[in-house]
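**Q** Questions regarding the structure given below will be posed in turn.
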């Protein structure tokens, strides 16, 4: 059931992470990619 809810919410509208991923994949902005990577690793390590 929770997987279904996650899937439904995931397809509702783009999130910051969707936009950041798209931007990082086409951008040459290394500082942005470094900052997003830092945030993602920090969130993962803290369990947030």
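Numbering (my numbering), first residue to last: 59 to 106. Quick reminder that beta carbons are idealized off the backbone N, C-alpha and C, glycines included.
1. Less than 7 Å between C-beta atoms, sequence neighbours within five positions excluded: which residues of the same chain meet that for residue 94?
2. Under three-state DSSP, which class holds residue 89?
3. Could you compute how far the alpha carbon of residue 105 sits from the alpha carbon of residue 96?
4. Residue 59: buried (16+ other C-beta within 10 angstroms of its C-beta) or exposed?
**A** By the coordinates alone:
1. Within the same chain, residue 94 has close Cβ partners 78, 82.
2. Note: residue 89 maps to helix in three-state DSSP.
3. Residue 105 and residue 96 have their C-alpha atoms spaced approximately 14 Å apart.
4. Because residue 59 carries a pLDDT of 48, less than 50, the predicted location of this residue cannot be relied on, and no value is offered for it.
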